[in-house]
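Counting in our numbering, the sequence shown runs without a single skipped number right up to 44 at its last residue. Where a beta carbon is used, it is the ideal one built from N, C-alpha and C, also for glycine.
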Amino acid sequence: VRVVPNHVCVSVNLQDELWAVRGEQIVGHWDVTGRGRGPA
Numbered sequence: 005v006r007v008v009p010n011h012v013c014v015s016v017n018l019q020d021e022l023w024a025v026r027g028e029q030i031v032g033h034w035d036v037t038g039r040g041r042g043p044a
């Protein structure tokens with residue numbers, strides 16, 4: 005399943021990791037270290 009959100013701030017904040025895909029190939033992967041954090 006491929007989901008393309010129209011507002012990335014909330015979408016990324018809900019994930020533990022982020023995958024970069026070009027075509028059908030995975031080209032990158034990052035951990036989301038700020039996951040779940042809100043304004044201080």
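From Val36 to Trp23, what distance separates their C-alpha atoms?
Cα to Cα, the separation comes out at about 10 angstroms.
Is Asp20 near Arg39, with beta carbons less than 8 angstroms apart?
Yes; because the gap between Cβ atoms is below 8 angstroms, this pair is in contact.
If we ignore side chains and look at the alpha-carbon of each, how far apart do Leu18 and His11 end up?
Separation of Leu18 and His11 (C-alpha to C-alpha, rounded to the nearest whole angstrom) is 12 angstroms.
For Val31, three-class secondary structure by DSSP:
The three-state secondary structure of Val31, taken from DSSP, is strand.
In whole angstroms, give me the CA-to-CA distance for Gly27 and His33.
The alpha-carbon of Gly27 is positioned some 15 angstroms away from that of His33.
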